[in-house]
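Asks: Quick one: structure below, then a few questions.
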Amino acid sequence: MSTAVPADNKKLGFANAFIAATLMGFVGFFARHIDAQGDFIAFSRMLCGGILFFAILAWKGRLSELRSYRISAGMVASGFFMGNCLSAYIAATQLTSIANAVFFIYIGPIISTLLAVIFLKERMKFATWFAMAAVFAGMMLIVGLVSVDAGGVHFGMTFSSKTFVGDMLALYSGVGYGLFLFFGRFRTDVPGETRAFWNFVFALAGISILFLFTRPGVAQMATSDWLWWIGIGIVCGFGALGACTIATRHLKAAEFACVSYWECVVAAVFIGWLVYGEVLSAVQLLGGLLIIAGGTGEMAIGLLGRGLKRRKVPETRPV
1 MSTAVPADNK KLGFANAFIA ATLMGFVGFF ARHIDAQGDF IAFSRMLCGG ILFFAILAWK
61 GRLSELRSYR ISAGMVASGF FMGNCLSAYI AATQLTSIAN AVFFIYIGPI ISTLLAVIFL
121 KERMKFATWF AMAAVFAGMM LIVGLVSVDA GGVHFGMTFS SKTFVGDMLA LYSGVGYGLF
181 LFFGRFRTDV PGETRAFWNF VFALAGISIL FLFTRPGVAQ MATSDWLWWI GIGIVCGFGA
241 LGACTIATRH LKAAEFACVS YWECVVAAVF IGWLVYGEVL SAVQLLGGLL IIAGGTGEMA
301 IGLLGRGLKR RKVPETRPV
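Note that UniProt numbering gives residue 228 to position 228 of the sequence shown, counting from 1, and the numbers run on in steps of one.
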């Protein structure tokens with residue numbers, strides 16, 4: 001179809017990955033202002049995303065795409081795990097330590113990369129492995145999982161029977177995040193807005209199933225809670241997850257993974273430090289620099305490598 005964008009548009013992919021990671025970093029900022037259960041907050045992100053992408057398709061006169069492109073198992077799985085992993089993550093932050101919850105969900109990009117290498121045969125350059133190691137190490141430093149003081153190096157994760165349920169939810173959030181990104185690499189023939197709409201629809205279905213067990217209440221929510229609830233849906237749902245869906249269509253799993261850790265820098269520096277005045281240690285600043293270096297390095301590799309390949313292709317002239 002004429003509306004389809006080339007599946008290997010790296011510039012569009014990296015731009016959307018950066019936007020997604022930036023907006024995702026504001027989740028904590030919005031969530032602090034909402035007196036509601038985690039899965040109900042996640043529901044807003046899926047609902048607003050679905051409604052707004054439907055509106056975009058209607059405005060562009062492309063609603064026919066919702067029928068012309070066949071819905072596959074990969075599209076269903078991508079949306080389902082998108083909704084479930086975010087619900088599980090928010091619930092995990094309430095039942096275990098933030099360090100544990102953050103660590104487990106951020107193994108998601110690693111899982112998606114390994115699955116793509118094994119099953120989709122996506123090739124990984126040594127420089128990409130190095131960039132991924134840098135951003136993962138940077139994540140552990142900037143969120144405080146690893147700290148350094150006079151007594152040596154300390155690892156921040158702890159486990160106990162009291163936090164077992166929270167830790168399992170955190171683990172599921174990481175696995176679910178990885179599967180969401182992995183299945184997002186399928187059906188690249190479907191235009192970005194159409195894929196995003198179906199992702200949000202199946203995410204809503206998955207969260208609605210969870211409601212049968214969690215039964216979230218809304219009686220305690222005031223007007224300000226509802227306004228922030230809509231805000232997180234527009235910014236971190238429609239904006240962040242919509243851009244994420246488009247990015248995974250154009251980037252390899254490893255390329256998206258390296259950029260996705262920029263979220264940690266946004267949350268720690270722009271929200272934690274600038275908004276709430278939380279002091280950043282030298283180790284955390286080092287972590288931020290590692291994430292920036294790894295992410296920008298991978299973008300350079302992806303964009304420059306693409307340009308070099310195009311230069312090597314001989315020019316064809318009509319006979």
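Just so you know, even glycine gets a beta-carbon here, dropped at the ideal spot from N, CA and C.
For phenylalanine 130, which three-state DSSP category applies?
Replies: Three-state result, phenylalanine 130: helix.
Asks: What separation, rounded to the nearest whole angstrom, lies between the Cα atoms of glutamate 65 and arginine 249?
Replies: Using only the alpha carbons, I get a separation of about 17 Å.
Asks: Taking the alpha helix (DSSP H) that aspartate 39 falls in, what are its first and last residues?
Replies: Where aspartate 39 is concerned, the enclosing alpha helix (DSSP H) stretches over 38–59.
Asks: Helix, strand or coil for serine 173? Go by DSSP, reduced to three states.
Replies: Three-state DSSP puts serine 173 in a helix.
Asks: Using the rule of at least 16 other Cβ atoms within 10 Å of the residue's Cβ for burial, across every protein chain shown, is proline 314 buried or exposed?
Replies: Because proline 314 carries a pLDDT of 46, less than 50, the predicted location of this residue cannot be relied on, and the following value inherits that uncertainty. Looking at its Cβ environment, which holds fewer than 16 other Cβ atoms inside 10 Å, proline 314 is exposed.
Asks: Compare the Cα-Cα distances from alanine 101 to each of Ala92, Lys252, Phe180 and report the closest residue.
Replies: Comparing Cα-Cα distances from alanine 101 to each of Ala92, Lys252, Phe180, the minimum goes to Ala92.
Asks: Per DSSP, histidine 33 forms a beta bridge with which residues?
Replies: Looking at the DSSP assignment, histidine 33 forms no beta bridge with any residue, so it has no partner.
Asks: Taking the CB atoms as reference points, tell me whether cysteine 244 and glycine 184 lie closer together than 9 Å.
Replies: Result yes, Cβ atoms of cysteine 244 and glycine 184 sit closer than 9 Å.
Asks: DSSP state of aspartate 225, grouped into three classes?
Replies: The answer is helix: DSSP assigns aspartate 225 an H, G or I state.
Asks: Distance check for isoleucine 98 and valine 146, CA to CA, integer angstroms please.
Replies: Each residue's Cα considered, the two are about 13 Å apart.
Asks: Consult DSSP for valine 5 and reduce its assignment to one of helix, strand or coil.
Replies: Legend: pLDDT at valine 5 = 41, less than 50; position of this residue unreliable, value from coordinates given subsequently. Valine 5: coil per DSSP, three-state reduction.
Asks: Roughly how many angstroms lie between the CA atoms of leucine 179 and serine 72, to the nearest whole one?
Replies: Approximately 15 Å, taken between the alpha carbons.
Asks: Does the distance from the C-beta atom of isoleucine 232 to that of arginine 195 stay below 9 Å?
Replies: Result no, Cβ atoms of isoleucine 232 and arginine 195 do not sit closer than 9 Å.
Asks: For valine 148, count the other beta carbons within 10 Å of its own beta carbon; 16 or more makes it buried, fewer makes it exposed. Which is it?
Replies: The residue in question, valine 148, is exposed, as its Cβ has fewer than 16 Cβ neighbours within 10 Å.
Asks: Rounded to whole angstroms, what is the Cα-Cα separation between isoleucine 56 and isoleucine 105?
Replies: Taking the straight line from one Cα to the other gives about 30 Å.
Asks: Please classify serine 97: does DSSP put it in a helix, a strand, or coil?
Replies: Residue state, collapsed to three classes: coil.
Asks: Do you know how far the Cα of glycine 297 is from the Cα of isoleucine 19?
Replies: Distance between the alpha carbons of isoleucine 19 and glycine 297 is about 17 Å.
Asks: Determine the DSSP secondary structure at aspartate 167, reduced to helix, strand or coil.
Replies: Three-state DSSP puts aspartate 167 in a helix.
Asks: Name the one or two DSSP bridge partners that aspartate 149 has.
Replies: Answer by DSSP bridge pairing, in chain order: Gly152.
Asks: Once the 5 residues before and after residue 347 are set aside, which same chain residues still bring their CB inside 7 Å of it?
Replies: Coverage of the chain is limited to positions 1 through 319, which leaves residue 347 absent and any answer about it impossible.
Asks: Report the rounded CA-to-CA distance for phenylalanine 182 versus lysine 10, giving the unit in angstroms.
Replies: In a straight line, the C-alpha of phenylalanine 182 is about 17 Å away from that of lysine 10.
Asks: Isoleucine 34: buried (16+ other C-beta within 10 angstroms of its C-beta) or exposed?
Replies: Flag for isoleucine 34 reads buried.
Asks: Considering Cα atoms alone, identify which of Met140, Tyr69, Ala254 is closest to valine 190.
Replies: Valine 190 has its Cα closest to that of Tyr69, out of Met140, Tyr69, Ala254.
Asks: So the alpha helix (DSSP H) arginine 62 belongs to, where does it begin and stop?
Replies: No alpha helix (DSSP H) contains arginine 62, which DSSP labels as neither H nor E.
Asks: Going by beta carbon distance, what residues of the same chain come within less than 7 Å of asparagine 16, once the five residues before and after it are set aside?
Replies: If we look at asparagine 16 and ignore the five residues flanking it on each side, its Cβ neighbours are Ala243, Ile246, Ala247.
Asks: For methionine 140, which residues from the same chain have a beta carbon less than 8 Å from its beta carbon, with the 5 sequence-adjacent residues on both sides left out?
Replies: Around methionine 140: Phe103, Val146, Gly287.
Asks: Which runs of the alpha helix (DSSP H) fall wholly inside the region 198–258 and span at least 4 residues, in chain order?
Replies: With a minimum length of 4 residues, the continuous alpha helix (DSSP H) runs that stay inside the region 198–258 are 223–232, 240–250.
Asks: If I measure Cβ to Cβ from leucine 12 and keep anything under 6 Å in the same chain, skipping five residues before and after, which residues do I get?
Replies: Contacts found: His250.
Asks: If the criterion is Cβ atoms closer than 9 Å, does the pair phenylalanine 186 and methionine 75 meet it?
Replies: In contact: phenylalanine 186 and methionine 75 (Cβ atoms closer than 9 Å).
Asks: So is serine 260 buried or exposed if we call it buried at 16+ other beta carbons inside 10 Å?
Replies: When all chains shown are included, serine 260 counts as buried.
Asks: Please report how far the alpha carbon of alanine 267 lies from the alpha carbon of alanine 116, in whole angstroms.
Replies: Roughly 28 Å separates the two Cα atoms.
Asks: With the cut-off set at 9 Å, would you say serine 281 and phenylalanine 43 are in Cβ contact?
Replies: No, they are not a contact pair.
Asks: Look at the alpha carbon of glycine 79 and the alpha carbon of phenylalanine 202, and state the distance between them as a whole number of angstroms.
Replies: Roughly 5 Å separates the two Cα atoms.
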